[in-house]
Amino acid sequence: MGYPVILHLRGRRTVVVGGGKVAARKIHGLLEAGAEIVMIAPEAEPELQALAAEGMIVWKKKRFDRDDLAGAFLVIAATNDRKVNEAVAQAAALGQLVNVVDDPEQCDFHVPAVVRRGPLTIAVSTGGASPAVARRIRRELEEQYGEEYGPYLEFLQRARGIVLREVEDAEGRKRLFRALAADSFRKRGRWDEELAQLLANEKERNGERGEEQ
235 MGYPVILHLR GRRTVVVGGG KVAARKIHGL LEAGAEIVMI APEAEPELQA LAAEGMIVWK
295 KKRFDRDDLA GAFLVIAATN DRKVNEAVAQ AAALGQLVNV VDDPEQCDFH VPAVVRRGPL
355 TIAVSTGGAS PAVARRIRRE LEEQYGEEYG PYLEFLQRAR GIVLREVEDA EGRKRLFRAL
415 AADSFRKRGR WDEELAQLLA NEKERNGERG EEQ
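Take the sequence shown: its letters are residues 235 to 447, numbered as in the working numbering.
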């Protein structure tokens with residue numbers, strides 16, 4: 235069993251060896267995470283060439299050698315040549331996290347199938363046993379957790395700060411957080427209006443408690 239984590243890659247140097255379709259999928263995900271990407275490949279897909287031309291990634295148009303991994307936090311071997319991928323894994327230094335797309339045994343980590351809805355991230359992994367099953371489950375989750383979850387989670391992020399600022403009572407905060415997390419609350423869609431009412435109710439409850447004391 236692996237230990238599931240979400241890596242913060244903003245500003246971290248990531249080396250992707252390979253310029254094909256698999257490398258493209260990896261690179262797009264890394265860009266979403268804010269990684270600083272260096273691609274090592276003699277040739278590359280047009281979409282990756284475009285990213286390089288726009289300055290989104292650095293493209294070293296060459297074959298791989300071990301010096302290419304200097305300073306990398308994350309390393310992904312994504313070529314269609316097993317020997318090159320193996321050479322990448324062997325060249326990685328202690329402390330560098332390595333993923334080899336065609337060889338789970340040489341990986342420090344597996345990249346899960348991911349559903350993103352704003353701040354919400356749902357990851358599915360079979361530990362490399364069946365990427366096809368992971369993709370199927372991801373599609374099911376995409377249907378279950380639609381695009382509306384993005385703005386809803388963004389609202390909850392903002393609402394959490396408001397509740398922490400305006401409600402001192404720990405039990406009161408818990409009541410509000412439970413109410414905001416309820417599916418019925420999400421579905422009604424009157425989030426700001428109902429938050430204001432919930433806050434008013436909580437303040438009134440605290441006022442009544444103060445009078446009793």
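Even glycine gets a Cβ: it sits at the ideal position worked out from N, Cα and C.
Alpha carbon to alpha carbon, what distance is there between residue 427 and residue 258? Sequence index remark: in the sequence shown, residue 258 carries index 24 (1-based). Sequence index remark: in the sequence shown, residue 427 carries index 193 (1-based). Cα to Cα, the separation comes out at about 43 Å.
Check whether the segment 240-260 and the segment 307-315 are in contact - that is, three or more C-beta pairs closer than 8 Å. yes
What does the Cβ neighbour count give for residue 235, buried or exposed, with the cut at 16 atoms within 10 Å? Taking the first residue of the sequence shown as position 1, residue 235 is located at position 1. Per the 10 Å Cβ criterion, exposed.
Which whole-angstrom value describes the C-beta separation of residue 321 and residue 332, a residue pair presumed to lie in contact below a C-beta threshold of 8 Å? If you number the sequence shown from 1, residue 321 lands on position 87. If you number the sequence shown from 1, residue 332 lands on position 98. Not really, about 12 Å apart at Cβ, beyond 8 Å.
Please state whether the Cβ-Cβ distance between residue 334 and residue 340 is less than 8 Å. For the purposes of this step, residue 334 is taken as residue 100 along the sequence shown, with counting starting at 1. For the purposes of this step, residue 340 is taken as residue 106 along the sequence shown, with counting starting at 1. For residue 334 and residue 340, yes; Cβs fall inside 8 Å.
Enclosing beta strand (DSSP E) for residue 333 [first to last residue]: Reading the sequence shown from its first residue, position 99 is the one you call residue 333. Run containing residue 333: 331-334, per the beta strand (DSSP E) assignment.
Residues in the same chain with beta-carbon distance under 6 Å from residue 352, minus the five sequence neighbours each way, listed in chain order, please. On the sequence shown, residue 352 is found 118 positions in, with the first residue counted as 1. 384, 387, 388.
Check whether the segment 241-249 touches the segment 269-278, counting contact only when three or more Cβ pairs, one atom from each stretch, lie closer than 8 Å. yes
C-alpha distance - residue 301 paired with residue 274, whole-angstrom precision: Position 67 of the sequence shown, counted from the first residue, corresponds to residue 301. Position 40 of the sequence shown, counted from the first residue, corresponds to residue 274. One C-alpha to the other measures close to 11 Å.
How many Å lie between residue 239 and residue 330 at the Cα? Taking the sequence shown and counting its residues from 1, the one referred to as residue 239 is at position 5. Taking the sequence shown and counting its residues from 1, the one referred to as residue 330 is at position 96. Between residue 239 and residue 330, the C-alpha separation is close to 16 Å.
Residue range of the alpha helix (DSSP H) that residue 396 falls in? For this step, residue 396 is matched to residue 162 along the sequence shown. Here the alpha helix (DSSP H) through residue 396 covers 383-400.
Measure the beta-carbon distance from residue 346 to residue 357 and round it to whole angstroms, keeping in mind my assumption that it falls under 8 Å. Position 112 of the sequence shown, counted from the start, is the residue given in the question as residue 346. Position 123 of the sequence shown, counted from the start, is the residue given in the question as residue 357. That pair is a contact at about 4 Å.
Starting from residue 357, trace the beta strand (DSSP E) both ways and give me its first and last residue. Indexing the sequence shown from 1 puts residue 357 at position 123. Start and end: 354-358.
Under a Cβ-count criterion, where at least 16 other Cβ atoms within 10 Å of its own Cβ denotes burial, should residue 355 be classed as buried or exposed? The count along the sequence shown starts at 1 and reaches residue 355 at position 121. So residue 355 ends up on the exposed side.
Just mark residue 326 as buried or exposed, buried being the case when its beta carbon has 16 or more other beta carbons within 10 Å. Here residue 326 refers to the residue found at position 92 of the sequence shown. By the 10 Å Cβ count, residue 326 comes out buried.
Can the beta-carbon of residue 406 be found less than 8 Å from the beta-carbon of residue 438? Translated into positions along the sequence shown, residue 406 becomes position 172. Translated into positions along the sequence shown, residue 438 becomes position 204. The answer is no: Cβ separation not under 8 Å.
CA-CA distance, residue 285 and residue 261? Position 51 of the sequence shown, counted from the first residue, corresponds to residue 285. Position 27 of the sequence shown, counted from the first residue, corresponds to residue 261. The alpha-carbon atoms of residue 285 and residue 261 are separated by roughly 10 Å.
Using the DSSP secondary-structure output, state which residues sit across from residue 294 in a beta bridge. Along the sequence shown, read from residue 1 onward, the residue named residue 294 stands at position 60. 274.
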